[in-house]
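> The structure that follows is given in the form of structure tokens.
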Amino acid sequence: MAHVCVAGLGYIGLPTAAMLASRGHQVTGFDINPSVVASISSGHPHFHEPDLQMLLSAAISTGKLKAQTDPVEADYYILAVPTPLGESNKPDLSYVEAACRTIAPYLRSGNTVILESTSPVGTTERMCEIIASLRPDLHVPRYMDEGEVFDVYACHCPERILPGQMLRELVMNDRIIGGVTDACAKRGVALYESFVQSNLLVTDCRTAEFAKLIENAYRDVNIAFANELSLICDHLGIDVWQAIELANRHPRVKILQPGPGVGGHCIAIDPWFIVDSAPNLSPIIRTAREVNHRKPQWVVGKVRALARRFRRPVVSFYGLTYKPDVDDLRESPALEIVRDLALDGSLKVLACDPYVRSLPPMLQGLQNVRLVGAEEARREADIVVFLVGHRQFHRLESNGFLNKVVVDTVGLLGAAQRRQEVVSVAPRATNTPSNGGSTRRRIRA
361 MAHVCVAGLG
371 YIGLPTAAML
381 ASRGHQVTGF
391 DINPSVVASI
401 SSGHPHFHEP
411 DLQMLLSAAI
421 STGKLKAQTD
431 PVEADYYILA
441 VPTPLGESNK
451 PDLSYVEAAC
461 RTIAPYLRSG
471 NTVILESTSP
481 VGTTERMCEI
491 IASLRPDLHV
501 PRYMDEGEVF
511 DVYACHCPER
521 ILPGQMLREL
531 VMNDRIIGGV
541 TDACAKRGVA
551 LYESFVQSNL
561 LVTDCRTAEF
571 AKLIENAYRD
581 VNIAFANELS
591 LICDHLGIDV
601 WQAIELANRH
611 PRVKILQPGP
621 GVGGHCIAID
631 PWFIVDSAPN
641 LSPIIRTARE
651 VNHRKPQWVV
661 GKVRALARRF
671 RRPVVSFYGL
681 TYKPDVDDLR
691 ESPALEIVRD
701 LALDGSLKVL
711 ACDPYVRSLP
721 PMLQGLQNVR
731 LVGAEEARRE
741 ADIVVFLVGH
751 RQFHRLESNG
761 FLNKVVVDTV
771 GLLGAAQRRQ
781 EVVSVAPRAT
791 NTPSNGGSTR
801 RRIRA
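Here the numbering used here is used: position 45 in the sequence shown is 405, and no number is missing along the way.
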């Protein structure tokens, strides 16, 4: 078994560190946030993820996982740090570069450095350049230079896990191992085969970096198509949910569901990495990103228009996280919508989310905002806005909202409820043609 040092103990680094420890590796994780380190050291993850508490507690109690604020000497180094957007949607690689500088003094001959952070093409090579500049005593690999023997190995193995299913997907998903050289890729395979039960797909680091960006851009483009359909349906007076469901009955059509926007640490950010690398060759990816980026403000406009019907409107928002059944608020379109409307002092805002225990920082200090339970949100509201399809919200009694003005951005209430006197993101047309007495059976979508 190897000694592994993990840089960054967030949504990717912590589950990865705990999984490696469960497979017998000695793991040291380090993070610049002392409160994160303290929480992990006590056996408590600093975010909710099913079964992570149990896995982490076992790893800490057996001594296989230690958390601290500095790296140590190890066999493998995994960088799982943020790669956010900077100004003008440019990639911000400062965290990756800082992690490289932090681990550089600890590297020794025979080590392998693995970048898991989703990154623009060329970042793994940049990582090698930084290490080489700081450690001239080590022979660091160059891209596809197969004719030399190097002291340090480097590869890119992009994370592929989904919040809410992280531990299962860490084990069961195929993983891409992109080596700077073939020998580097083999070192990556040697580590990941210790816990991944699916396929390890070997390639070069540039292809691995781009493949991960393709995955997220693909999702973004397809979500943008669904979101654009929702805007068109609203304009035409068509129920978008029914229209999509009917279209999806075609054997070669599978349209995704629209929503209030796109959030999370990947899909809302990573397509810009492609656009930045080839701005004149990526018009579809850019346009999709812009469509999804504008959707929250479209929802804000709908709610503001409805609020004008009331003298002192009470607006209840169901959902703050970026996707159902997780506590992740990163890049959440729901949170953006609530914040923008809360800043309008004429609205009384009630926020409801079973995964959020206290108001997020951007809502704290606003006197017109309260975090409440689902029933109080329903009882007090003039306007109800469904933003996230949490499992608990699907259990709500739809008849309880018949006397409310409803904006349903996620299709939560279903077609039957949307036929009532409800204002939805895409209301159903009232002039629905009959079947003219035909005996053909109609399937309600």
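Think of the CB as a built atom: it goes at the ideal place given N, C-alpha and C, for glycine as much as any other residue.
#1: Can you name the residues that DSSP bridges to T388?
#2: Expressed to the nearest angstrom, what Euclidean distance is found between the alpha-carbon atoms of L517 and A440?
#3: Less than 8 Å between the C-beta atoms of A702 and T681, yes or no?
#4: Would you mind reading off the limits of the alpha helix (DSSP H) that contains L494?
#5: If you draw a straight line from the alpha carbon of D564 to that of A514, how long is it in whole angstroms?
#6: Is it the case that the Cβ atoms of P431 and T462 are separated by a distance below 8 Å?
#7: I'd like the ranges of any alpha helix (DSSP H) spanning at least 4 consecutive residues and lying wholly in the stretch 502 to 563.
#8: Tell me, please, whether the stretch 500 to 513 touches the stretch 585 to 598 by the rule of three or more beta-carbon pairs shorter than 8 Å.
#9: Take D542 and list the residues in its own chain whose beta-carbon comes closer than 7 Å to its own, dropping the five residues that flank it on each side.
#10: Which stretch, first to last residue, makes up the alpha helix (DSSP H) that contains R751?
#11: Under three-state DSSP, which class holds S718?
#12: Find the nearest neighbour of G749 within the set F670, G621 and V663, judged by alpha-carbon distance.
#13: Give me the Cα-Cα distance between T769 and R579, rounded to the nearest whole angstrom.
#14: What would DSSP say about F407, mapped onto helix, strand or coil?
#15: Along the chain, where does the beta strand (DSSP E) that runs through D768 open and close?
#16: With distances taken between CB atoms, is the gap from S758 to L747 smaller than 8 Å?
#17: Relative to the C-alpha of R755, which candidate in E735, I537 and V745 has its C-alpha closest?
#18: Is the stretch 607 to 625 touching the stretch 653 to 664, taking contact as three or more C-beta pairs under 8 Å?
#19: Among residues of its own chain, excluding the 5 on either side of R547, which ones have a beta-carbon nearer than 6 Å to its beta-carbon?
#20: Grouping DSSP H, G and I as helix and E and B as strand, with all else coil, what is V600?
#21: Counting beta carbon pairs with one atom in the stretch 448 to 465 and one in the stretch 394 to 401, are three or more of them shorter than 8 Å?
#22: Using a 10 Å radius around the Cβ and a threshold of 16 neighbouring Cβ atoms, would you call L380 buried or exposed?
#23: As a quick exercise: from K708, T422, P496 and D687, pick the residue whose alpha carbon is nearest that of G384.
#24: State buried or exposed for H625, treating a residue as buried only when at least 16 other CB atoms are found within 10 Å of its CB.
#25: Report the rounded CA-to-CA distance for I604 versus P611, giving the unit in angstroms.
#26: Does A665 pass the burial test, meaning 16 or more other C-beta atoms within 10 Å, or should it be called exposed?
#27: What number of angstroms, rounded off, separates the C-alpha of R520 from the C-alpha of F390?
#28: Skipping 5 residues on each side, what residues in its chain have a beta carbon closer than 7 Å to that of Y552?
#29: Where V581 and P523 are concerned, what is the direct C-alpha to C-alpha distance, given to the nearest angstrom?
#30: Relative to the alpha-carbon of P721, which residue among G705, R690 and E740 has its alpha-carbon at the smallest distance?
#31: Give me the DSSP bridge partner(s) of A711.
#32: Return the bridge partner residues of V660 from the DSSP annotation.
#33: Report the residue from V765, G661, A628 and C712 whose alpha carbon sits nearest the alpha carbon of R649.
#34: Can you give me the Cβ contacts of Y466 inside the same chain, cut-off strictly under 6 Å, excluding the 5 residues immediately before and after it?
#35: Taking the beta strand (DSSP E) that F761 falls in, what are its first and last residues?
#36: Can you determine whether any heavy atom of the ligand NAP sits closer than 7 Å to the C-beta of K572, and answer yes or no?
On the basis of the supplied data:
#1: C365 and K426
#2: For the record, residue 517 in the displayed sequence is Cys; it is not Leu. Using only the alpha carbons, I get a separation of about 10 Å.
#3: Contact flag unset, no.
#4: Taken as a continuous stretch (DSSP letters only), the alpha helix (DSSP H) holding L494 covers T483 to L494.
#5: 11 Å
#6: yes
#7: 526 to 532 and 542 to 552
#8: no
#9: E506
#10: Per DSSP, R751 belongs to the alpha helix (DSSP H) from R751 to H754.
#11: coil
#12: G621
#13: Going from the Cα of T769 to the Cα of R579 covers about 18 Å.
#14: coil
#15: V765 to D768
#16: no
#17: E735
#18: yes
#19: T472 and Y513
#20: helix
#21: With a cut-off of 8 Å on Cβ pairs, the stretch 394 to 401 is not in contact with the stretch 448 to 465, counting fewer than three such pairs.
#22: buried
#23: T422
#24: buried
#25: 13 Å
#26: exposed
#27: 21 Å
#28: If we look at Y552 and ignore the five residues flanking it on each side, its Cβ neighbours are C517, R535, I537 and L560.
#29: 21 Å
#30: For the options G705, R690 and E740, the alpha carbon positioned closest to that of P721 is the one of R690.
#31: F677 and L731
#32: V660 pairs with nothing; no bridge assigned.
#33: Checked all of V765, G661, A628 and C712; the closest Cα to R649 is A628.
#34: P431 and E433
#35: No beta strand (DSSP E) holds F761; DSSP gives it neither H nor E.
#36: You won't find the ligand NAP in this model; it holds no ligand whatsoever.
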